[in-house]
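Residue numbers (our numbering): 442 to 900. Heads up, the beta-carbon is just placed ideally off N, CA and C, and yes, glycines get one too. Bear in mind that the values here come from a model prediction, so they are computed numbers and not experimental data.
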């Protein structure tokens, strides 16, 4: 079925004006025009049955799909490194690296069958379309693929194609089981009308509180607490409201809704000032209830790591054998909080410019990807040779690993791939029971200290 979806979508979208042709009576709403002429960019991945009767057919089909992918994205994956192909899909879908934030480098839709359920981190993904009956652990694991928060995204959306009433019951059963809760889980979101009603009530409350008197940091404490609670409730109601399609229609047709949302915009400065005054009050006052106030929100402050951006700018304007430019970059590398391995890769890039093996007109993101990927590959190859474990399984682990993650992804497969006799021949003092644990510690250290820093330069 997954392959049928893939081929059907490919066929449907092959014409430049496919949206107009397929949906003639459903024009795209204002503000939603797709700027990418190749939207939606689509990929597919699924598990290959190596021992089944149809395994050769499956592998041939998958190879054709990978070849299409290679042609589209100018990559060179094959069945032999399908885990790295999956990792590339993951990265393009996540859009974290600078090179994958550009049109032509992203993926909009991935069709999967029992894939990408671990080590998946794509905060921009909003919607999961489900065409199978999911229950318990499988349901929670699949649904959680959309739960990464992102600026202006607080929740994911799930669209089910089969037995929606059954799926709703399965969601309630699964969340009750895994949260050990007997009450309603609240994961089945209310209708648009219910969310709109909540928004109106919250708006009325904030309007009432803010009209009592001029609100500022000197207003009586009880009123400031009530004001901040009312603002936060309206903001939460608003964030819920905007996830519905009907909201976009209402914004076009309803001046009232526009005016209500404008109140949020007008009050944001006052809100931040008043909330700031409450932070100090919380430390000083006893007996006041601050428990329902959210003082620190992930969206109030944005932190930017300018290190790599600064280096990219310097590299982008670097002229071969320019001693002044080289000195400036070397100074920047010395000052920045980068590992020696990361600095060495940048120096390799500079050296390649100097000897003429790199074209200064080539995209710096493409250059960085090639050099930093090669550095990662070299480290993994060396680790494989040192510990006599599968290079392929190490790559799979590296693609899925998040800093500090425990257990390490794919660790069991790495251990199962070991050639202890080969390791023993090279290290006669080795002990069979200590070897797996020592190897695991060494692999975690390499991930955290060397591979992750290299990966971060491509974000």
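Spatial distance of residue i from residue j (CA atoms)
| i | j | result |
| --- | --- | --- |
| residue 737 | residue 798 | Residue confidence is low: residue 737 scores 42 on pLDDT, short of 50, so the model does not pin down where it sits. Its coordinate-derived value is still stated next. C-alpha separation (whole angstroms): 50 angstroms. |
| residue 858 | residue 852 | 10 angstroms |
| residue 460 | residue 454 | 8 angstroms |
| residue 606 | residue 501 | 38 angstroms |
| residue 865 | residue 874 | 12 angstroms |
| residue 601 | residue 826 | 47 angstroms |
| residue 694 | residue 703 | 15 angstroms |
| residue 665 | residue 688 | 30 angstroms |
| residue 507 | residue 643 | 51 angstroms |
| residue 487 | residue 571 | 15 angstroms |
| residue 517 | residue 804 | 19 angstroms |
| residue 867 | residue 879 | 15 angstroms |
| residue 753 | residue 522 | 30 angstroms |
| residue 696 | residue 712 | 24 angstroms |
| residue 641 | residue 587 | 28 angstroms |
| residue 638 | residue 683 | 13 angstroms |
| residue 514 | residue 792 | 28 angstroms |
| residue 710 | residue 645 | 19 angstroms |
| residue 444 | residue 465 | 27 angstroms |
| residue 907 | residue 810 | Residue 907 lies beyond the residue range present for the chain, which begins at 442 and ends at 900; the question has no answer from this structure. |
Burial state of residue i, where buried means 16 or more other Cβ atoms lie within 10 Å
| i | result |
| --- | --- |
| residue 787 | buried |
| residue 681 | buried |
| residue 497 | exposed |
| residue 716 | buried |
| residue 604 | exposed |
| residue 553 | buried |
| residue 529 | buried |
| residue 531 | buried |
| residue 390 | No statement about residue 390 is possible, as the shown extent of the chain runs from 442 to 900 and does not include it. |
| residue 894 | buried |
| residue 796 | exposed |
| residue 667 | buried |
| residue 559 | Note that residue 559 has pLDDT 49, beneath the 50 cutoff, so the model's placement of it is unreliable and the number below is only indicative. When all chains shown are included, residue 559 counts as exposed. |
| residue 448 | exposed |
| residue 662 | exposed |
For residue i, the nearest candidate out of the options (CA to CA)
| i | options | result |
| --- | --- | --- |
| residue 897 | 687, 457, 538 | 538 |
| residue 677 | 655, 692, 714, 636 | 636 |
| residue 527 | 512, 837, 814, 639 | 837 |
| residue 484 | 463, 894, 509, 499 | 509 |
| residue 812 | 784, 456, 765 | 784 |
| residue 887 | 819, 714, 899, 512 | 819 |
| residue 830 | 842, 884, 810 | 884 |
| residue 450 | 580, 480, 568 | 480 |
| residue 610 | 580, 587, 639, 638 | 580 |
| residue 442 | 656, 662, 573 | 573 |
| residue 714 | 660, 767, 765, 766 | 660 |
| residue 917 | 458, 814, 871 | Summary: the structure shown does not reach residue 917, with the chain confined to residues 442 through 900, and so no result is reported for it. |
| residue 814 | 767, 465, 452, 899 | 899 |
Cβ shell of residue i (< 6 angstroms), same chain only, five flanking positions each side left out
| i | result |
| --- | --- |
| residue 718 | 658 |
| residue 577 | 615 |
Supposed contact pair residue j and residue i - C-beta distance, whole angstroms, cut 8 angstroms
| i | j | result |
| --- | --- | --- |
| residue 794 | residue 759 | 6 angstroms |
| residue 584 | residue 599 | 6 angstroms |
| residue 823 | residue 782 | That belief does not hold up - the Cβ atoms of residue 823 and residue 782 are roughly 12 angstroms apart, past 8 angstroms. |
| residue 832 | residue 855 | The pair is not a contact, with the Cβ atoms about 10 angstroms apart (cut-off 8 angstroms). |
| residue 524 | residue 840 | 7 angstroms |
| residue 633 | residue 685 | 4 angstroms |
| residue 692 | residue 700 | With 8 angstroms as the limit, residue 692 and residue 700 do not qualify as a contact, their Cβ atoms being about 11 angstroms apart. |
| residue 520 | residue 504 | 6 angstroms |
| residue 850 | residue 842 | 6 angstroms |
| residue 545 | residue 569 | That pair is no contact at about 25 angstroms. |
Contacting residues, own chain, Cβ-Cβ under 7 angstroms from residue i (five flanking each side not counted)
| i | result |
| --- | --- |
| residue 882 | none |
| residue 769 | 755 |
| residue 534 | 548, 551, 563, 566 |
| residue 876 | 861, 864 |
| residue 821 | 832, 835, 836, 839 |
| residue 808 | 790, 799 |
| residue 705 | 675, 676, 679 |
| residue 482 | 547, 548, 549 |
Cβ shell of residue i (< 8 angstroms), same chain only, five flanking positions each side left out
| i | result |
| --- | --- |
| residue 708 | 647, 651, 672 |
| residue 845 | 889 |
| residue 891 | 780, 782, 820 |
| residue 511 | 517, 518 |
| residue 462 | 456 |
| residue 766 | 755, 758, 759, 760 |
Any C-beta of chain C under 8 angstroms from that of residue i
| i | result |
| --- | --- |
| residue 852 | This model lacks chain C altogether; it includes just one protein chain. |
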